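Whatever position you read off the sequence shown (first residue = 1), add 117 for my numbering. For each residue, glycine too, the CB sits at the ideal point set by N, CA and C. Just so you know, these numbers come straight off a predicted model, no measurement behind them.
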Amino acid sequence: MSQSVDLNADMGESFGPWKMGNDAALLDIVSSANIACGFHAGDPDVMAQTMALAVKNGVGIGAHPGFADLQGFGRRKLHLSHAEVAHLVQYQIGAAQAMARAAGGQVRHLKLHGALSNMASVDADLARACYTAALDVAPDIVIMVLATTAMEDVVRDLGCPYAAEIFADRAYNDDATLVDRSLPGAMIHDADYAAKRIVNMVQKGAIIAESGKHIATRIDTICLHGDTPEAVEIATAVKRELNAAQIDVAMF
């Protein structure tokens with residue numbers, strides 16, 4: 118296969134006896150895992166278990182920091198100072214690095230979660246605060262960004278390694294931002310549709326918005342959300358259709 122792309126999933130989002138998603142099944146499919154760091158979801162035991170499985174399966178480990186909002190799953194906007202955001206990112210990366218080392222692995226990449234990610238995608242100053250904070254404690258970390266948004270502008274300006282991300286299970290606005298989850302059609306649940314749509318995007322090198330608009334973009338990685346009920350089905354279909362199109366799934 119002459120072309121390859123990374124396939125990532127958000128995971129490690131269970132908490133105590135409460136279970137979220139099927140991480141074990143996803144780790145048999147994806148090439149990178151964005152693991153919650155205990156603020157929006159997850160706990161030390163879940164982090165340890167998820168990272169151990171990632172190491173066993175040869176899956177790249179990423180820190181997935183979010184707002185300290187367990188009740189809102191990190192999907193509610195919190196208006197913090199840039200210093201506060203920088204510290205919460207550094208704190209969570211530190212936890213992820215320690216847990217990854219204990220599991221025999223390492224943190225390769227950073228991906229912001231939920232509301233923090235959505236806010237940073239349209240606020241370059243916020244994105245810069247998050248990413249400079251991360252690079253201060255992990256200079257070699259790869260920053261995963263929402264493709265063609267303010268996030269990508271910032272990492273290009275910083276000159277740091279980055280991976281441009283598109284979503285298999287989310288609809289897009291004309292400015293390449295994600296359709297708000299509160300709106301109809303924001304989430305994609307049909308695995309076959311999601312897979313064919315994502316292959317089309319990768320082949321065309323473009324995000325395809327709900328309006329049909331094509332937005333040219335670099336594509337390094339494809340995301341799906343582990344908390345989506347159809348996550349395993351979507352991941353399986355996406356990988357199958359990519360391979361059928363002679364596109365390999367591999368870590369960036």
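Contact under 7 Å by Cβ, residue i with residue j
i      : j      : result
Gly159 : Ala150 : no
Ala280 : Ser238 : no
Ile339 : Ala308 : no
His157 : Gly183 : yes
Asp344 : Phe369 : no
Ala312 : Ala264 : no
Lys136 : Gly179 : no
Ala241 : Val271 : yes
Gly221 : Val172 : yes
Leu243 : Cys277 : no
Ala362 : Val316 : yes
Proximal residues to residue i (C-beta, below 7 Å), its chain only, five neighbours per side dropped
i      : result
His331 : Lys321, Ala323 and Ile325
Lys356 : Leu124, Ile146 and Val366
Ala333 : Gly322 and Ala323
Val254 : Gln207, Ile210 and Gly211
Glu347 : His306 and Ala308
Ser328 : Asp291
Glu358 : Ala312, Lys313 and Val316
Contacting residues, own chain, Cβ-Cβ under 8 Å from residue i (five flanking each side not counted)
i      : result
Arg314 : Ala285, Ile305 and Ile325
Val349 : Asn139, Ala142, Leu143 and Ile146
Phe132 : Ala158, Gly159, Asp160, Val163 and Leu187
Tyr310 : none
Ala165 : Met216, Ala219 and Ala220
Ala303 : Arg287, Ala288, Leu295, Val296 and Asp297
Whole-number beta carbon distance between residue j and residue i, since they are thought to touch under 8 Å
i      : j      : result
His226 : Gly177 : 7 Å
Ile258 : Val224 : 7 Å
Leu341 : Ala126 : 5 Å
Opening and closing residue of the beta strand (DSSP E) in which residue i lies
i      : result
Asp365 : Ile364 to Val366
His226 : Val224 to Leu227
Tyr279 : Tyr279 to Phe284
Ala126 : Gln120 to Met128
Val259 : Val259 to Leu263
The alpha helix (DSSP H) enclosing residue i, as first and last residue numbers
i      : result
Gly231 : Gly231 to Ala237
Gln209 : His199 to Ala219
Ile146 : Where Ile146 is concerned, there is no enclosing alpha helix (DSSP H), given that its DSSP letter is neither H nor E.
Val271 : Ala267 to Leu275
Proximal residues to residue i (C-beta, below 6 Å), its chain only, five neighbours per side dropped
i      : result
His230 : His157, His181, Gly183 and Gly191
Ala246 : His199, Val202 and Ala203
Between the segment 224-242 and the segment 279-297, can you find at least three pairs of beta-carbon atoms closer than 8 Å?
yes
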